[in-house]
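The sequence shown maps to residues 94 to 211 in our numbering. Cβ atoms here follow ideal geometry from the backbone N, Cα and C, with glycine treated the same way. As structure tokens, the structure follows; a few thoughts come after it.
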Amino acid sequence: MPIYKLYTRPTGVTTWTYSGYTLQIAGNSNGVVNVGSRLDPPGTGAWTAVSGATRSGNGNPNAPANGDDLGLPSTIGTVTNVTGDGTYSSTGDGTHGAGYYTTQGAAGDEGDWCATAT
């Protein structure tokens, strides 16, 4: 199951900030997705289920394809303003590698998030 770090970027800010949370994303290709979160450190222990996550696309959550979408609830642990769907990019955004990225941009009306392996 792929593991991603959750980063956020408030409205008008151009750099990502690590939220302190790691996400575990798994499921199957028919739209079922299971997301778990865990606070780092220690990065060990049980995963907390994230309810309300959605997924669409042609890939499998265990092996996503470019263009697959992941929707997260507005709050994950103590992180708020997680809004919009993240679209999977195998190349990343130039700062971080492959993962899910929102598309609001730094000047978007809502805060951005990304979930990346790096």
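>> Please give me, in chain order, every unbroken run of the beta strand (DSSP E) with length at least 3 that falls completely inside the stretch 135–159.
In response: 141–143 and 147–149
> Cβ atoms of Ser112 and Thr104: under 8 Å apart, would you say?
Replying inline: no
>> Please report the straight-line C-alpha distance between Ala208 and Tyr194, rounded to a whole angstrom.
In response: 7 Å
> Measuring CA to CA, which of Thr141, Thr184, Thr108 and Asn121 is closest to Thr171?
Replying inline: Thr141
> Skipping 5 residues on each side, what residues in its chain have a beta carbon closer than 6 Å to that of Leu163?
Replying inline: Arg148, Gly179 and Tyr193
> Do Leu132 and Ala146 have their CB atoms nearer than 8 Å?
Replying inline: no
>> Please report the distance separating the alpha-carbon of Thr108 from that of Lys98.
In response: 15 Å
> So is Val106 buried or exposed if we call it buried at 16+ other beta carbons inside 10 Å?
Replying inline: exposed
> Using CA coordinates, which residue listed in Thr168, Gly185 and Pro157 is at the minimum distance from Gly177?
Replying inline: Thr168
>> So, at 7 Å on beta carbons, what are the nonlocal neighbours of Gly124 in its own chain, with the 5 sequence-adjacent residues on each side left out?
In response: Arg148 and Ser149
> Can you list, in chain order, the residues of its chain whose CB lies under 6 Å from that of Gly120, leaving out five sequence neighbours each side?
Replying inline: Val126, Asn127 and Pro154
> Should Ile118 go down as buried or exposed, given a rule of 16 or more other Cβ atoms within 10 Å for buried?
Replying inline: buried
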